[in-house]
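The sequence shown maps to residues 1 to 261 in UniProt numbering.
Cβ atoms here follow ideal geometry from the backbone N, Cα and C, with glycine treated the same way.
I have placed the structure first, in the form of structure tokens, so that the comments after it can refer back to it.
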Amino acid sequence: MKNIEIAKNLKIIIRLLQEIGLKVAATVCDQYNKASIQSLVRESKEERQKNGYSHETFTFYVNDEEIFPFFDFPHLLKGLRNNMLNYDVKFRWKNEEEIAMWDHIEQLYDLDCSVDADFRMLPKLTDAHIKRDQIKKMKVKNAAQVFSHKVQSSMRALVHHGRDVLPKAAIGTANFILFVDKLFDSVNGSCIEPKDGKILRRATTAKTEHMLFWDEAIKVLQSIKFFGRKKEFVPPTVTNWILSLRNLKLLCLHQSAKLAL
1 MKNIEIAKNL
11 KIIIRLLQEI
21 GLKVAATVCD
31 QYNKASIQSL
41 VRESKEERQK
51 NGYSHETFTF
61 YVNDEEIFPF
71 FDFPHLLKGL
81 RNNMLNYDVK
91 FRWKNEEEIA
101 MWDHIEQLYD
111 LDCSVDADFR
121 MLPKLTDAHI
131 KRDQIKKMKV
141 KNAAQVFSHK
151 VQSSMRALVH
161 HGRDVLPKAA
171 IGTANFILFV
181 DKLFDSVNGS
191 CIEPKDGKIL
201 RRATTAKTEH
211 MLFWDEAIKV
221 LQSIKFFGRK
231 KEFVPPTVTN
241 WILSLRNLKL
251 LCLHQSAKLA
261 L
């Protein structure tokens, strides 16, 4: 189906839902449908400007109701991982310029596999998580288990206390893993209260830390560049993370304002 047809059908579906009394607040799609969403945003911008309104956000309107589009967060997580398999990452976090490399993750995994299975730090990791030619690229769980608190803390411990078994530069990779772990937690909450010390993996309220973290995360994402093979670039995955986080913030503020009325 063409992008224009997808956009047209989406508006029809939203109108039908509105007619039966449902309030459509947001849409979720994978990155392949970005052009369809962009056409809806562009159309809404043109219509609102004709009526004397400004429209600077990545949102669109159906029957004067603002709709907040997001890109599927598990898909975005896999996108970060897949780009990192072939390129290193430059990023800035907590006022430090950092570099992250998949090679460091593979080195950590190889070290972990060199000991008896009973003593492994990361027993959940397998070749299907780490080895470039064996990774199951469609499995979100595998990507999430690599970008995890356990992996970054194990890497950090070996850098600081492992007598040079991992290079000191691997701290940058550990920091990137920690950031991505927090990032995915912040959009993957399924409970009211946090569990296992994961303060961002919970529902968003005015009292949680999500808004502050998303502000910080957007700055980190804006600093990200993948590089190698004589080129440097920002993949669509990073741009789509930024668009989605901005819309999450807007949606939370929008819903909070409605509840305050």
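Asked: Exposure of Met138, with buried meaning 16 or more beta-carbon neighbours within 10 Å; Found: exposed
Asked: Bridge partner(s) assigned by DSSP for Val140; Found: Its beta-bridge partners do not exist; DSSP assigns none.
Asked: Contact check, residue 294 vs Thr59, beta carbons under 8 Å; Found: A question about residue 294 goes unanswered here, because the residues of the chain that appear run from 1 up to 261.
Asked: Neighbourhood of Arg132 by C-beta, 6 Å cutoff - its chain only, sequence neighbours within 5 removed; Found: Leu85
Asked: The stretch 100–109 touching the stretch 163–181, judged by at least three CB pairs closer than 8 Å; Found: yes
Asked: Residues near Asp185 by beta carbon distance below 7 Å, same chain, minus five either side; Found: Lys198, Leu200, Arg201
Asked: Assigned exposure category for Phe226 - 16 Cβ within 10 Å defines buried; Found: buried
Asked: Proximity of Phe176 and Phe91 at Cβ, strictly below 8 Å; Found: yes
Asked: Those residues which DSSP pairs with Pro236 across a bridge; Found: In the DSSP output, where bridge partners are listed per residue, Pro236 has none listed.
Asked: Proximity winner among Ile37, Ile12, Ser114, relative to Leu243 (alpha-carbon distances); Found: Ile37
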